[in-house]
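Residue numbers for the sequence shown follow the numbering used here, beginning at 459 and rising by one.
Yeah, the Cβ is synthetic: ideal placement off N, Cα and C, and Gly gets one too.
Since this is a predicted model, take the numbers as computed values, not measurements.
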Amino acid sequence: MMLTNLILVNYVIQHACSSFTVIINPVVIYRLLKPKSENHYTLLIMNIFFHWLFAVSVVMHNGYVFYEAAGKFLNLNRQTENYFLAGYSNSFLIFSTGLFRALTFITTGLSDFFVALDRYMAISNPLTYFLSYKKRLFTASYTTTFVAFFALLIICLLNQIKPKEGAILAMDFVNPSIGDGIFVINTTLFILYSLISLRFLFKLGYYRRNPAVATSQRNMKKVTKN
Numbered sequence: 459m460m461l462t463n464l465i466l467v468n469y470v471i472q473h474a475c476s477s478f479t480v481i482i483n484p485v486v487i488y489r490l491l492k493p494k495s496e497n498h499y500t501l502l503i504m505n506i507f508f509h510w511l512f513a514v515s516v517v518m519h520n521g522y523v524f525y526e527a528a529g530k531f532l533n534l535n536r537q538t539e540n541y542f543l544a545g546y547s548n549s550f551l552i553f554s555t556g557l558f559r560a561l562t563f564i565t566t567g568l569s570d571f572f573v574a575l576d577r578y579m580a581i582s583n584p585l586t587y588f589l590s591y592k593k594r595l596f597t598a599s600y601t602t603t604f605v606a607f608f609a610l611l612i613i614c615l616l617n618q619i620k621p622k623e624g625a626i627l628a629m630d631f632v633n634p635s636i637g638d639g640i641f642v643i644n645t646t647l648f649i650l651y652s653l654i655s656l657r658f659l660f661k662l663g664y665y666r667r668n669p670a671v672a673t674s675q676r677n678m679k680k681v682t683k684n
């Protein structure tokens with residue numbers, strides 16, 4: 459019963475946060491796209507879109523898990539303490555929604571990594587960034603994320619296995635080595651994103667303590683735009 463309660467609490471929190479993201483992210487994207495002048499938030503907009511996709515996948519997957527859990531609760535299936543995890547009637551929906559969630563999680567992590575790298579390069583060397591790296595980073599970002607999404611989708615579909623009874627995670631439906639690989643990718647992306655973001659914050663703090671340097675950086679940025 460303890461495991462059941464922990465899973466329910468975890469899924470309720472995820473569902474609430476994701477539902478908020480599904481509603482608010484389109485508003486944020488609209489506001490960023492609203493200016494008529496050249497838009498400098500293209501990479502950020504794409505990142506917000508990927509976060510929206512991930513939130514949609516969480517709402518779909520968790521919603522179906524709640525539906526199954528409610529059905530078992532209403533049927534008073536208490537023959538086993540683990541009734542919440544036991545015997546899902548439609549493994550296809552668990553697999554498809556869970557797989558969509560796992561894949562969008564990875565692509566969102568990739569997008570976060572490129573946004574962090576973009577911000578760090580912009581503040582570290584704005585002249586080189588605006589002249590050489592800005593468009594390249596955007597191209598690399600959307601190319602890598604889409605390739606990763608479809609490549610992992612194909613790999614997971616080709617490595618399906620028969621899940622154990624009560625499986626609720628998409629990784630329970632694929633070869634364990636595939637699940638381990640996805641976990642390693644997610645962990646690596648999180649570490650890289652965190653390290654780059656920390657470096658960016660240190661740089662930002664340095665410029666805030668040295669306004670003259672920040673002014674010089676802004677002037678170089680204006681020159682590159684002209």
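Is residue j closer than 9 Å to residue i when the C-beta atoms are compared?
i    : j    : result
A574 : L650 : yes
N483 : H519 : no
V517 : V480 : yes
Y591 : I552 : no
M629 : I612 : no
Less than 7 Å between C-beta atoms, sequence neighbours within five positions excluded: which residues of the same chain meet that for residue i?
i    : result
Y587 : M579 and A580
V632 : C614, N617, Q618 and I619
N505 : S569, D570 and V573
Y600 : M504
I487 : I503, I506 and F507
A606 : I564, T565 and L568
Leaving aside the five residues before and after residue i along the sequence, list all residues of the same chain whose C-beta is less than 6 Å from its C-beta, in chain order.
i    : result
T603 : T565, L568 and S569
T562 : L511, F512 and S515
Return the CA-CA distance between residue i and residue j, expressed in angstroms with no decimal places.
i    : j    : result
L502 : S549 : 36 Å
V470 : S655 : 29 Å
G556 : T646 : 21 Å
S635 : Y665 : 45 Å
N468 : S476 : 12 Å
F524 : L659 : 39 Å
F507 : K661 : 27 Å
K593 : L466 : 43 Å
V514 : N668 : 42 Å
R657 : F596 : 20 Å
G637 : F478 : 28 Å
F648 : Q472 : 18 Å
G663 : L610 : 38 Å
S582 : D576 : 10 Å
S554 : V642 : 21 Å
K492 : A474 : 28 Å
Reducing DSSP to helix, strand and coil, say where residue i ends up.
i    : result
N668 : coil
K661 : helix
Y488 : helix
Y499 : coil
Given residue i, which residues of its chain have a CB within under 8 Å of its CB, disregarding the five upstream and five downstream residues?
i    : result
N644 : F563, I564 and G567
A598 : F572
T500 : F596
R559 : F512, S515, V516, M518, H519 and A628
S652 : none
K622 : D630
Suppose only complete runs of 4+ residues qualify. What are the alpha helix (DSSP H) ranges in the region 566–633, listed by chain order? Within the region 566–633, the runs of alpha helix (DSSP H) at least 4 residues long that lie entirely inside it are, in chain order, 592–616.
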